[in-house]
Amino acid sequence: LIAALDELREKVSEVLKEVGEPAVMPLISALSGGNEPIIWEVSTILGEIGDERAVKPLITLLLDRSKDDYKRGNYVAVALGRIGDAGAVEPFIQLASKHNEDLLTCMSVRALGDISDEKAVEPLIAILEDEGTTDCSHLRMETCWALGKIRDVRAIESLIRILGDPRNNLAAVRDAAASALVQLDDDRIELPLLKYFKGGLDSIINSETSVENVHHGTLEGVVKLITRLIDKS
């Protein structure tokens with residue numbers, strides 16, 4: 352019976368997505384007072400439809416849910432990120448400014464990257480510059496990736512500083528910073544990235560690290576940087 356209900360719910364969701372814009376207002380109405388499965392389904396559908404009329408109701412719900420219910424708030428954050436409306440930037444900045452590693456904060460940072468509004472650049476840089484986030488590796492990775500999507504050169508210095516952090520537990524964060532820097536069109540990235548990628552390649556050559564254990568983003572970054580340098584020559 353439960354499996355049958357799940358299948359029915361999936362079919363209803365698909366139909367509503369196909370209906371598109373005419374379904375938006377009834378779906379918005381369904382957000383208020385809904386239980387967790389309803390909020391999850393409705394938020395997901397609204398995110399995939401992408402109608403900007405859903406932004407304000409979702410923001411209201413996000414700020415309400417974020418007070419004491421991170422899981423539900425996360426559903427709404429993902430939906431707003433998919434819609435990509437600039438009106439959602441300030442609420443996401445407000446949540447990201449907590450500088451902690453709970454799920455909602457990290458998803459808010461990711462959504463800021465998806466929306467790619469320049470207003471988010473300085474608040475995101477502030478996360479990287481805050482020494483209190485040093486051990487928040489997931490938050491810092493999400494922040495690097497978000498800055499890479501926005502592609503604003505104001506982030507260069509902060510990202511370069513991360514490349515030089517020697518702590519072993521931050522290797523994945525360094526890779527995320529390198530991946531972000533590769534996306535930025537500025538000559539200042541070239542020498543720091545060459546040094547960083549050389550270190551990774553040297554460890555392979557010296558058999559300290561197997562190719563399988565090298566972060567995919569590092570190898571992809573090497574290719575992008577080489578392509579960039581060839582294009583300039």
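In this note's numbering, each residue carries its 1-based index in the sequence shown increased by 351. For each residue, glycine too, the CB sits at the ideal point set by N, CA and C.
Ile478 sits close to Thr484, with the two beta carbons spaced by under 9 angstroms.
Note on Leu454: under 16 other CB atoms within 10 angstroms of its CB, so exposed under the neighbour-count rule. From the listed residues Leu378, Pro388, Thr411 and Ile410, the smallest Cα separation to Ile400 is found for Leu378.
Here the C-alpha atom of Tyr426 lies approximately 17 angstroms from the C-alpha atom of Glu493.
By the 16-neighbour rule on beta-carbons within 10 angstroms, Pro373 is exposed.
Counting only the Cα atoms, Ala522 lies some 27 angstroms from Val429. Excluding sequence positions up to five before and after Val393, its CB lies within less than 6 angstroms of the CB of Leu378, Ala381 and Leu382, all in the same chain and listed in chain order.
Check the Cα spacing between Trp496 and each of Asp538, Ala529 and Val406: the tightest is with Ala529.
By the C-beta density criterion, Pro388 is exposed, having fewer than 16 other C-beta atoms within 10 angstroms. Rounded to the nearest angstrom, the gap between the Cα atoms of Asp468 and Arg518 is 31 angstroms.
CA-CA distance, Leu542 to Pro474, rounds to 26 angstroms.
In this structure, the beta-carbon distance from Val375 to Ala405 falls below 9 angstroms. Classified as exposed, Arg539 has fewer than 16 neighbouring CB atoms from the shown chains inside 10 Å of its CB. The C-beta distance from Ala462 to Ile444 rounds to 10 angstroms, too long to meet the 8 angstroms contact threshold. One alpha carbon belongs to Leu576, the other to Cys457, and they sit about 28 angstroms apart.
Boundaries of the alpha helix (DSSP H) harbouring Ala523: Ala522 to Val533, taken from the DSSP string. DSSP places Asn451 outside both helix and strand once states are collapsed to three, so it counts as coil. Counting C-beta atoms within 10 angstroms of its own C-beta, Asp582 has fewer than 16 neighbours from the protein chains shown and is therefore classed as exposed. Secondary structure within the segment 444-490: the alpha helix (DSSP H) runs of 4 or more consecutive residues, fully enclosed, are 454-466 and 472-480 (chain order). Rounded to the nearest angstrom, the gap between the Cα atoms of Lys546 and Ile511 is 11 angstroms. Nearest to Ile513 by alpha-carbon distance, out of Arg502, Lys500 and Leu532, is Leu532.
Within a 10 Å sphere around the beta-carbon of Asp526 sit 16 or more other beta-carbons, which makes this residue buried.
Contact between Asp402 and His450 does not hold, since the beta-carbon distance rounds to 32 angstroms and is not under 8 angstroms. Non-local C-beta neighbours of Ile507 in its own chain, meaning closer than 8 angstroms and more than five positions away in sequence, comprise Leu532, Leu535, Asp537, Arg539 and Ile540, ordered along the chain.
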